[in-house]
Amino acid sequence: LPRLWSKEEGVVYTEEQVKPTGSRYDGQIAVFGKDFQNKLANSSIFLVGSGALGCEFMKNFAMIGIGCKNNNGNNGKIHVTDMDTVEVSNLNRQFLFRDYDVGQMKSTVAVKSISNINKNTNAIPHVVKVAPETENMFNDTFWEEIDIVVNALDNVEARKYVDSRCSFYRKPLFESGTLGTKANVQPIIPSLTEGYSDGPNDQPEVDIPVCTLKSFPYMIEHTLAWAKEKFFTEFYEKPL
Numbered sequence: 002l003p004r005l006w007s008k009e010e011g012v013v014y015t016e017e018q019v020k021p022t023g024s025r026y027d028g029q030i031a032v033f034g035k036d037f038q039n040k041l042a043n044s045s046i047f048l049v050g051s052g053a054l055g056c057e058f059m060k061n062f063a064m065i066g067i068g069c070k071n072n073n074g075n076n077g078k079i080h081v082t083d084m085d086t087v088e089v090s091n092l093n094r095q096f097l098f099r100d101y102d103v104g105q106m107k108s109t110v111a112v113k114s115i116s117n118i119n120k121n122t123n124a125i126p127h128v129v130k131v132a133p134e135t136e137n138m139f140n141d142t143f144w145e146e147i148d149i150v151v152n153a154l155d156n157v158e159a160r161k162y163v164d165s166r167c168s169f170y171r172k173p174l175f176e177s178g179t180l181g182t183k184a185n186v187q188p189i190i191p192s193l194t195e196g197y198s199d200g201p202n203d204q205p206e207v208d209i210p211v212c213t214l215k216s217f218p219y220m221i222e223h224t225l226a227w228a229k230e231k232f233f234t235e236f237y238e239k240p241l
């Protein structure tokens, strides 16, 4: 075969780079080459949050071979942290969890689940939030070993803090979020793209997540929204 050129100008793939290896990644290797696959395996990822988005990210990481143990001595890592426990209301969309996981820490259960998808995944669970009070744990040494940060958070304050850490340590950040059927994504590269905190201020959320209304309301507005949805909408707005 002649040399195969990627769409990225200046990168050349030879026959040796793209031939099958007998691994689960042969489809990816045929497109991106062995060196790219090795780079994925040797990458160190910091995933902040292991809820609905976090479960999806971890499943994808395991399937494509990010942060894996390998035979050449260079091991990648997936650090995932979440201070929440699995709730019954999570089970309809956070698919790495099962009913027998209720009450356990999300990050710990998620790591166990993806090890069943890919036994070579080198995932490390943490059960603390990323915040100023945990900088003794997520310190300079920790951040210097990270290649990319992925946010799967549910509040603006935490997003802004992680964004500030990524800016300080010059780490790329993949920011994302969901609310009902709406979603957003923002790849951030320090000094090249706009940071999360640099953009327009987030507007107040109009919709309240269903899981908050049904399972753990903590504001008067939540109880009012639940009553409106449960009774007023059902009896007066919806057709019989």
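The end of the sequence shown is residue 241 by this note's numbering, with every number in the run present. C-beta atoms are modelled at their ideal positions from N, C-alpha and C, and glycine is treated no differently.
Check                                                                                                                      : Outcome
Whole runs of the alpha helix (DSSP H) within the stretch 84–129, excluding any shorter than 4 residues                    : 107–118
Residue burial classification, L193 (beta-carbon count within 10 angstroms, cutoff 16)                                     : exposed
Close-in-space but distant-in-sequence residues of the same chain around V131 (CB under 8 Å, 5 per side omitted)           : V49, T82, F139, A159, Y162, V163 and R166
Residue burial classification, V112 (beta-carbon count within 10 angstroms, cutoff 16)                                     : buried
Span of the alpha helix (DSSP H), counted from its first residue to its last, around N61                                   : A53 to I65
Beta-carbon contacts of P191 that lie in its chain and below 6 Å, excluding the five residues immediately before and after : S168 and R171
Cβ shell of F37 (< 6 Å), same chain only, five flanking positions each side left out                                       : none
CB contact flag (P126, T142, <8 Å)                                                                                         : no
Status (buried if at least 16 other CB within 10 Å, exposed otherwise) for N156                                            : exposed
Counted within 10 angstroms of its Cβ, other Cβ atoms place T122 as buried (16 or more) or exposed                         : buried
Cβ-Cβ distance between Q95 and C56 below 8 Å                                                                               : yes
Backbone CA spacing between S198 and D148 [nearest angstrom]                                                               : 21 Å
Classification of S152 by the beta-carbon crowding that lies within 10 angstroms, buried from 16 upward                    : The residue you asked about is not Ser; residue 152 is Asn in the sequence shown. The residue is buried, with at least 16 neighbouring Cβ atoms inside 10 Å.
Per-residue burial, V87 [other beta carbons within 10 Å of its own, 16 or more giving buried]                              : buried
Span separating the alpha-carbon of G178 from that of M59                                                                  : 15 Å
Separation of F232 from G28, as counted between CA atoms                                                                   : 52 Å
Exposed unless 16 or more other CB atoms sit within 10 angstroms - verdict on Y101                                         : exposed
Rounded distance between the beta-carbons of I67 and I46, thought under 8 Å                                                : 6 Å
Proximal residues to G34 (C-beta, below 7 Å), its chain only, five neighbours per side dropped                             : Y14, Q18 and V19
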